[in-house]
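In UniProt numbering, the protein residues as written are 1 to 180.
Using N, Cα and C, we set each Cβ at its ideal position, and we do this for glycine too.
Note that the coordinates shown come from a computational prediction; the quantities given were computed from them, not determined experimentally.
Quick notes on the structure that follows.
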Amino acid sequence: MADDERKRLEDEKKRKQAETDRKRAEVRARLEEASKAKKAKKGFMTPDRKKKLRLLLRKKAAEELKKEQERKAAERRRIIEERCGKPKNVDDASEETVKRVLREYHNRIIALEDQKFDFEYIVKKKDYEVLARKNNNNNKKKTNQCCNENVTQMCERLLGYASLSRRRTASATFGKELEK
């Protein structure tokens with residue numbers, strides 16, 4: 001019986017040893033797989049590849065920036081040509097042609113000055129409205145002394161501008177007087 005028990009103890013020791021060896025092998029295999037996975041991830045983007053990728057991205061960004069600048073320059077040239085028109089060649093033109101070209105330029109300048117004046121008037125009117133609203137918000141307790149006037153009348157009174165319709169009528173009459 002002592003022999004049987006000794007054998008049983010030896011078998012149990014062998015079984016336990018085999019079990020621990022098997023577990024160690026499993027752990028070792030898992031660790032190797034994990035290290036291989038890490039190496040595979042690290043190995044893809046090496047420092048040389050990173051440098052090349054950065055250079056490629058910089059070159060592409062520079063090309064796109066250059067294309068964008070060229071596109072904007074072309075758009076700018078197109079708009080200037082559209083707004084200003086092509087210059088007229090009056091070197092060999094007759095006196096009547098030169099007068100006609102000058103009249104066209106003069107009419108264009110008058111129209112542009114008119115638009116400029118309108119825009120300036122609108123901007124000053126908006127600035128005044130903003131200022132008036134700001135003052136109303138700051139001084140809610142004070143009454144507005146100009147409450148019976150509308151904004152256009154206040155602008156005319158304070159800024160010295162005539163209304164657009166009055167100014168246009170005056171400029172149209174002035175142009176007719178010049179033609180006589």
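- Under the DSSP assignment, Asp118 falls in the alpha helix (DSSP H) whose first and last residues are 95–138.
- Each residue's CA atom was taken as its position, placing Pro87 and Ala132 some 46 Å apart.
- Per the coordinates, the alpha-carbon of Lys36 lies some 15 Å from the alpha-carbon of Glu26.
- Runs of the alpha helix (DSSP H) spanning 4 or more residues and lying entirely within the stretch 44–85 occur at 47–84, in chain order.
- Taken atom to atom, the span from the alpha-carbon of Tyr105 to that of Arg71 is near 30 Å.
- In the structure shown, Lys36 adopts helical secondary structure according to DSSP, grouped into three states.
- DSSP places Lys88 in the coil class of the three-state scheme, outside both helix and strand.
- Rounded to the nearest whole angstrom, the CA to CA distance from Tyr121 to Glu75 is 29 Å.
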